[in-house]
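Residue numbers (my numbering), protein chains in the order written: chain A, 1 to 177; chain B, 178 to 278; chain C, 279 to 953; chain D, 954 to 1471. The beta-carbon is built from N, C-alpha and C at its ideal position, and this holds for glycine as well. The block underneath contains the structure these notes are about, expressed in structure tokens.
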Amino acid sequence: MTTHDVFFTIVGVICAASALLSVTTKHLVHAALWLMVALVALSGCYLVLGAELVALVNLLIYVGAIVVLVLFALMLTRAPIGRSHEHDTSLAQRAASMVLCAATTALLAAVLISGLGNNAVRVSAGSTHTLSVQLFGTWVWPFEMLSLLLVAALVGALAVSRLPNAAIARTESGEGS
Amino acid sequence: MIHLSLPLALVAALFGIGLYGVVARRNAVLVLIGVELMLSAAGLLFVTAGTTMHDPMRGGQVLTIFLITIAAAEISVALAVVVAVFRARGDIDMARAGEDE
Amino acid sequence: MITTGSIQPSLLVVAFPAAVGVLTLLLVRRSRRAAYAIAALGGLLGLLSAVWLLSQQMTGDAAPSPRTIGALPTGGSFAMPLHLQIDALTVIVATAVALVSLVIQLFTRWYLADDPRYRVFAATVGLFTAAMQLVVLSGDVLLIIVGWELMGWCSYLLIGHESDREKARRAAYKAFLVTRFADAPFFIGLIALAVGAHSTSIPAIIAHWSTPGHATALSAALICVICGVAGKSAQVPFQDWLPDAMEGPTPASALIHAATMVAAGTVVLSRIVPLLEQSDPARYVLVVVASISTVLAGVLAFLQNDLKRLLAWSTVSQVGLMLLALSILPPGATPDLAIMHLLSHAMFKALLFLAIGWLSVLVGGTVVPRMSGALRRHPSADTMMAVGLLALAGVPPLSGFVSKDLIVDEAAHRGAAGDGVARIGFVAIVVMVALTAAYCMRAWLILDHRTIAERRQAAQTIEDSHAVQEVGILEMLETSAPVDARGHEIRPVEPGPEAAVDELEVEEAEAARRPPRPGRSARWGLATLTLLSVVGGGLALAPVIDVDWSNVNGWLIAATLLLMAAVALLVRVMSLGTIFGDAAARVPQAVRNSGLRGFGADTAYVNLVGRPVLALARSVAALDDLLDRGVRDLASDAWSLSLRGLAAHNRRPTTGLLALTTGLVVVGVLGVALW
Amino acid sequence: MVASLLIAPLVPILAGIALIAGDRASRVPGRHTTYAIALCAAVIGALATGYAVFARPVLNVQWVPAIGMRLHLSVDGISAPLLVLTAVLGFLVVLHGRHEQPGGGTPGTYFGCLLLVTGGALATFLAQDAISFFLAFELVLVPMWVLIHRFGDPHQPAERARAAAMFILYTVLGSTLMLVGILALVFASGTSDLVALGHGTHLSQGTQTAIAAVLLIGLAIKVPMWPLHSWLPRAHTVAPTAGSVLLAAVLLKMGTYGIVRLVVAPLPLGMARLAPVVGTLAVVGILWGGLVCLVERSLKRLIAWSSVAHMGFVMLGIASGTALGLQAALFGNIAHGVISALLFTVVGGLKQRWGGDDLHVVRDALRDVSPRLGFALVVGFAASLGLPGLAGFWGEVLAMFSAWGAADDQPGGWFKGLAAAAAVGTVLAAGYSLRVLRLVWVGGADKANHVHPAHAGEPLPAANSPATTVQRFADAHGPEWIVVGILVAAVVAIGVDPVPVLHTTDAAVARIFAGVTR
């Protein structure tokens, strides 16, 4: 049990627990907030693993942007405030899902741990400098492509959200029929 | 020094929880939250692999950054669609999606 | 060798009649004269070839086993040489067949003077003769089967010649089906014999099976063969097709009865007689079948209301006698007795049929009321008739007497020596001799009857009563319930009295149009047959036939002659005072009616074979429908299953997603576990 | 001349494709042009086949090396008679198309499909490589489906679609199994060359049995053997005359040919193990077909059923495991091809004239109304019941011989029983053949007692009512009469002198059984 282990266990448990709460809570808004907690804890995990830049980016983009977006979306879709059971599936399906998710977890854990082993390894994330050199050297073309993708996604999101109601209804019914 | 099994167990747990969110929720936004958790699990696996193994090109971290970017793009489009669907249908219940109106 | 090149007279014997069939169909369109020319010429050439062959045989120059179309390549160790086999007996039989066939061809020209299908008839007769010659001369079981089946087919065509009448159609159908039914065991018997010997050649078969050690197999095979013979020769239990076959034109009947089809069974059995003599079970079966047939047919002949049918039953009886002669043979003996009777029977039976045919044209029918007194009005045929009937009855010194009494003598001889088969045979023969005398006397008395008054009125009422019992196998084939519901006797199509009158008038008119006598050549042929019927007994003296005529038992012959005389007297007494001079009128009506139907054999065929087979066929057809429906349901089941699966997927996206991910995980678990 | 091997299948196939494609062109070629092209292609194919059969050239070059597939075409004793049969029938059906060209599509498509079937069948019989054999085999199915589906009986569109679907599904299922079997055989034995396979393989009996079972089931669908037959009566009932002829005379033969080539020769041990089952099913088919024929009402269906029975004799010969049985089967194959072609031609003509083929409709005697067709019908049914002197006899009687004397490693008693049952089958054949002749050839019009059972209770119509008036129709003449005449002559010729055909196959059969010395 090293120091790293201890810290990782702490943030990991927080992360897993808040993630679990975010998918099981009955309050819609709480779900988004628990997600935020989970993501913050995840950033902590990244820090423990020595990836400071990733932790920072995660915090900025996920916690700063995405969760806010989710909250906006919840409000725009008139999510009920307070406890509600509308947004959950039937009990049987949830039970099945539970079994399924347990099985998935077990499967993944088994595969990953048996595949990669349980050795105590040294964490060597390297400096942010080398990371940035790599990012803008070796990985620069994928990086540029990604920025293009981002622009396209933004434009697309804008286009979708700006469709007038009638047009949306027409496309819906046209696809549905 | 860190024992590899800890981050890996967290990866598995996050993915499983995300899957539960996707499968067990009816609200589209909550489903998206599940998707985000699964993506996070992937990112954590990348970082774990990158920092605990030989990785001269920093592929683990770079790919995680890419992943976060893509997730942002994905969720922006997805939420736009969700909002549009809500405006057209009045609800975003996944259990009723695809049914004939 | 005198034979010129590779042309064997034995092949010509078969080829000429066959050529008649083929050429008539190919070359002749409308002309009756041309058809007649081909038929007569072909028949004559066939007879000449037979005589040529006979002369070769007498001088010992004949090729013993000429080849035909060459051996069949069987790809293995099985030999199918397809050779003929020429010996004295077969040559004589072939000559007789050729002669009878020629006379019939000559006679047909006159008999079917107005028939538009004369051409086809002549062709069929040619083919029929060829088939019989093939059976007679064959030295190979495969060739026997060929000829045998061809004869069946030709008989179908000939019996159904007047196919515009339903009776003729049914009779033809029945004849072919009954004989074919019996042919199934016949095939199997011959196949068993041939496969055992690894060759279809008859000498090889006899050589193989003559070695001891397989008595059971041999008996079984022979009994199968005997079944087939009983079918073709109309023995019990297949006897009933033959009287119905009288629906064919009289020349066809003469051909079928006298020399070809019915006698073919005797020919085939005489080919394999060395095997028959070794197998006691087969001999017992044969003697029982033949005894029952010969006695039963004699009784039935006496009861018939139609002289043609009387002759038909007498044929069954006489063929039974031939088979009896085969069954009583001791080991090592040759079948000369049976062949001898076959020859004399061929002569007098052809003569009788043609004479009856002649008379029937003159008087317009063959039922007793019409025939009664026929010879009084048309004495031109009386010699022939008298000779034929006397020969049939076996009155010395005609040919029938010689051949029959030789058999009686042999049976007595063998029976006295302690052979059980011969004892059974002897009893049957004695009964049969008495019955033959009875029905011959009856026929003569009818034909020679004095009072012809009231004949015309009675004729119309009785005209159609001799019908084949009208239960169409075919109708049953088509319809199930109606036949059962209707019962088998109800015929909606009974011709009314007017129709009967019309028919009579038409026949009279035809009779008037036709020349009253057959042509010169036909009369010459009939005269030849008459002559041979008288002197044919002399053949026993000839060196080619090996019969022991010198030390026959004189007392025995005297006793049989006495028996015949007594029976004839009794029949004469019975006939006194009847309207048509018909002795059978004294027999109770119920017995006569039953006898007219062959004691219900037809009904038995229908009930025992026809209906069960049809019921089976219907159930099989229903089963097949089920099978078919099963296949079709498979398709619709798959369709509905897929629809249901589709619905399950479409109903809830989340459910579908759950199912999908579950599947993925299961596959993953399986993959990990198995890897 | 090796080119004849390529010309024989390719000319009909290419001409067929060209005709079908020509239909889609902007300017559709006329009827006469189409007919002339089709006839020329068929004649060229037939001549090339004839030359190939006569000269026996061999073509053997590398084709697709990756899977060891070679272009190996040649003629041997087993395929030679089938090639001649196919080529001649291909020519005859095209000739017959002049007389009867069914609606439902353009002449180009019709003749194109006929040529494709013919060419594909020729390629099948020529191919000496298992993979290309399969490819050629499959080529035939789709044009045949088109023939049934588009050019079939115009009165029953629903039944036509169903029959065509059933045909294609059944045969494709058979093809799938056959493909599996071929691949298994090829990989197990290491060669796809049928000549090499023909000398027998050295696989263990278990392997041989498994492969043989798969191949036999697949090919039994094509033959067809009971109980996989139910597509055949349907397909025949609605198919156009030419389609029926090709189906019965060519497609079914490809099934038995495949069994000889792919099962009997390469897998003797497996075949020996399965032979009792095959023989039993064959005999069940004989009896089953014969019995159904006794009550069948549709004349074309009846002939299809009789085909099931006749192919039972062929399969019985194969199952006997003797050289004689194989000879009988190959001969029976040819004989059935000719006979069924004749019967389907005649009956197709009759159906067209009558407007239906219900046997229970009372009609005038065919021998009076139309003597030529009547004569051909008699010859056909006489041959069908196994009359000596006509083609059907030798195959059946030799099959019974072979079954009685089945190979030593077979249960002899059981096969003797099968032979006896087959003999009973010949009696049934006589029963239904004569039934048809009694109803059709000699007619039942003089007495109205063959009406439909439903009408049996009603008062019979008067003799002059429209239902029973004499329907005169034209006798066969022109192309139809030529086709019928040639077929009748062939039936008689093969029946009178079977030696040439048997002689052709003899050496090849002996070679198969020489390779099997065990």
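Secondary-structure assignment with DSSP links Asp1146/D through a beta bridge to Asp1082/D. For Trp1016/D, the enclosing beta strand (DSSP E) starts and ends at Val1011 to Val1017. Residue-level contact check: Trp141/A does not touch chain B, since none of the beta carbons of chain B fall below 8 Å from its beta carbon. Collapsing the DSSP output to three states places Asn829/C in coil. In the DSSP assignment, Asn885/C is bridged to no other residue.
Counted as a single uninterrupted DSSP element, the alpha helix (DSSP H) harbouring Leu1252/D occupies residues Leu1252 to Ala1272. If you look at Met662/C, you'll find it in the alpha helix (DSSP H) that goes Asp660 to Ala671. Interface criterion not met: the Cβ of Gly941/C is under 8 Å from no Cβ in chain A. For the region 20-32 of chain A, the set of residues with a beta-carbon nearer than 9 Å to any beta-carbon of chain B comprises Leu20, Ser22, Val23, Thr24, Leu28, Ala31 and Ala32, in chain order. Contact annotation for Leu53/A against chain B: Gln238 and Ile242 [CB-CB distance below 8 Å, chain order]. Contact between the region 299-313 of chain C and the region 337-355 of chain C is absent: fewer than 3 CB-CB pairs across the two stretches fall below 8 Å.
Taking a Cβ-Cβ cut-off of 9 Å, Leu948/C has no neighbours in chain A, whose nearest Cβ is about 10 Å from it. Here Ala109/A is actually not in contact with Val947/C; their C-beta atoms are around 13 Å apart, not less than 8 Å. Among the bridge pairs identified by DSSP, Val1389/D is matched with none.
With 16 or more other Cβ atoms inside 10 Å of its own Cβ, Ser595/C counts as buried. Close partners of Ala103/A in chain C (Cβ separation under 8 Å): Val943 and Val947. Between Leu936/C and chain A, the shortest Cβ-Cβ separation is below 8 Å.
Note on geometry: alpha-carbon atoms of Lys627/C and Val1267/D lie some 44 Å from one another. In chain order, Leu936 make up the part of chain C whose C-beta sits under 7 Å from the C-beta of Ala96/A. Close to chain C, meaning a Cβ-Cβ distance shorter than 8 Å, are the following residues of the region 1174-1186 of chain D: Pro1180 and Ser1183. The beta carbon of His476/C lies closer than 7 Å to those of Ser355, Phe356 and Ala357 in the same chain, with the five residues before and after it left out.
By the beta-carbon neighbour count (other beta carbons within 10 angstroms, threshold 16), Val565/C is buried. The region 666-679 of chain C makes contact with the region 805-815 of chain C: 3 or more CB pairs, one atom from each, lie closer than 8 Å. Contact of Ala272/B with chain C is assigned, a C-beta pair being separated by under 8 Å. By the Cβ-count criterion, Thr337/C is exposed, with fewer than 16 other Cβ atoms from all chains shown falling within 10 Å of its own Cβ.
Against chain C, the beta carbon of Leu100/A has neighbours under 9 Å at Leu936, Thr939, Thr940 and Val943, listed in chain order.
In this structure the region 229-240 of chain B does not touch the region 958-967 of chain D; the number of beta carbon pairs closer than 8 Å is below three. Under the three-state reduction of DSSP, Asp88/A is assigned to strand. DSSP, reduced to helix, strand and coil, places Met215/B within a helical segment of the structure shown. Taking the C-beta atoms as reference points, Pro1364/D is found no nearer than 8 Å to Pro1186/D. Burial state of Ser488/C is exposed, judged by a 10 Å Cβ sphere holding fewer than 16 other Cβ atoms. At the C-beta level, Ala328/C and Ala376/C come within 8 Å of one another. Annotation for His1025/D: the continuous beta strand (DSSP E) segment containing it runs Met1022 to Ser1027.
Per DSSP, the unbroken alpha helix (DSSP H) holding Asp5/A starts and ends at Thr3 to Thr24. The residue from Gly506/C, Leu725/C and His691/C with its alpha-carbon nearest to that of Ser658/C is Leu725/C.
Among the CB atoms of chain C, none fall inside 8 Å of the CB of Val57/A.
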